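J.: Before I ask anything, let me first share the structure, which is written out below as structure tokens.
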Amino acid sequence: MCTLALVTAGALVTSNDAALAVPDWPLNWGRLVPPLEGGIRFEFAHRALALLVAVLTSALAFRTQIRDTRPWMRKLAWWAVATVVAQALLGGALVKLIDPKVLAIAHASLAEICFGLTVAIAAGYYEYSGAGNWVARMAVAVLFVQAVLGAAVRHGAMGVAWHIGGAVIASAVAMWASLALIGRHLEDGKMPRPAVALLVLTALQVFSGVAAYTVRAASIDDPQPMPLTIWTTTAHVVLGALVFGSAIVLAMDRRA
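Here it is as structure tokens:
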């Protein structure tokens, strides 16, 4: 949950054009806690949540080493720690180098990987440890590429047409993976929850994408982001992470 909250905080920073509201790092305007006003609120909340996630992820990694004997779970835990550290360093580089697009896209993409790793670890604790079919694994890969394209659009590195095209492909693959598993379990009545979650979240993500694009197009001449623009784009980013996480769980489901 904290990792998802961190993704949400990051989306709010970008949606509010607050990425450079704090011009120094690791301090905040030379303080531990800066004046909480304007865009500084969003940037500082993002940094504070990042610190919390780093602490919790490290604690989870140590707990996994002590209580879990599965080598793949131990590796996942340490990879999660590594991505959090890399995220912090990328965040600092973004500030020091005045927010270059490449680093901004890398920061957003690595956030998706970090969230995905924590989801995989949580799924592992619930015994989702099998290898799903190739469609489920392909859905994970395609959805990650789509997240990267979304980050590139949000940071002005490419036009929205690429993201829309990717959305069509990603949605089709995600629905294929979920419906294939649901179809195999219609007769026994044991509806696989990861497949249902992926199907529902994908539908919501398509709707949120249309909403975000429509609102942004209508407010393109606004001098600053308006609340409706902020919340529709943030919801689109968060739902995208949830779709990605659901695909990971489905790919780890033995029944897939």
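Every number in my numbering is 1 more than the matching position in the sequence shown, counting from 1.
All C-beta atoms, glycine included, are put in the ideal place defined by N, C-alpha and C.
Here the structure is a predicted model, which is why all the values come from computation and not from measurement.
Is A236 closer than 9 Å to A219 when the C-beta atoms are compared?
T.: Here residue 219 refers to the residue found at position 218 when the sequence shown is read from its first residue. Here residue 236 refers to the residue found at position 235 when the sequence shown is read from its first residue. No, the pair does not count as a contact, with Cβ atoms beyond the cut-off.
J.: Do the segment 43-63 and the segment 19-34 make contact, defined as three or more Cβ pairs closer than 8 Å?
T.: Verdict: yes, contact present.
J.: The alpha helix (DSSP H) with S172 in it runs from where to where?
T.: For this step, residue 172 is matched to residue 171 along the sequence shown. Its alpha helix (DSSP H) spans residues 161-185.
J.: Express the C-alpha separation of G246 and P72 in angstroms, rounding to a whole number.
T.: The residue labelled residue 72 in the question sits at position 71 within the sequence shown. The residue labelled residue 246 in the question sits at position 245 within the sequence shown. The straight-line gap from Cα to Cα measures roughly 21 Å.
J.: Where does R71 sit, in a helix, a strand or coil, going by DSSP?
T.: Taking the sequence shown and counting its residues from 1, one reaches residue 71 at position 70. Note: R71 maps to coil in three-state DSSP.
J.: Evaluate F116 with the Cβ neighbour count: other Cβ atoms within 10 Å of its Cβ, from every protein chain shown; 16 or more gives buried, anything less gives exposed.
T.: Counting from 1 along the sequence shown, the entry for residue 116 is found at position 115. With 16 or more Cβ atoms within 10 Å of its Cβ, F116 is classed as buried.
J.: Using a threshold of 9 Å, state whether the C-beta atoms of V258 and F43 are closer than that.
T.: Limits of the chain in this structure are 2 at one end and 257 at the other, which puts residue 258 out of reach.
J.: Using 9 Å as the threshold, is the C-beta distance between A153 and I106 below it?
T.: Numbered from 1 along the sequence shown, position 152 holds the residue referred to as residue 153. Numbered from 1 along the sequence shown, position 105 holds the residue referred to as residue 106. Yes, they are a contact pair.
J.: Locate the alpha helix (DSSP H) running through H108, then write down its first and last residues.
T.: Locating residue 108 in the sequence shown gives position 107, where the first residue counts as 1. Start and end: 102-126.
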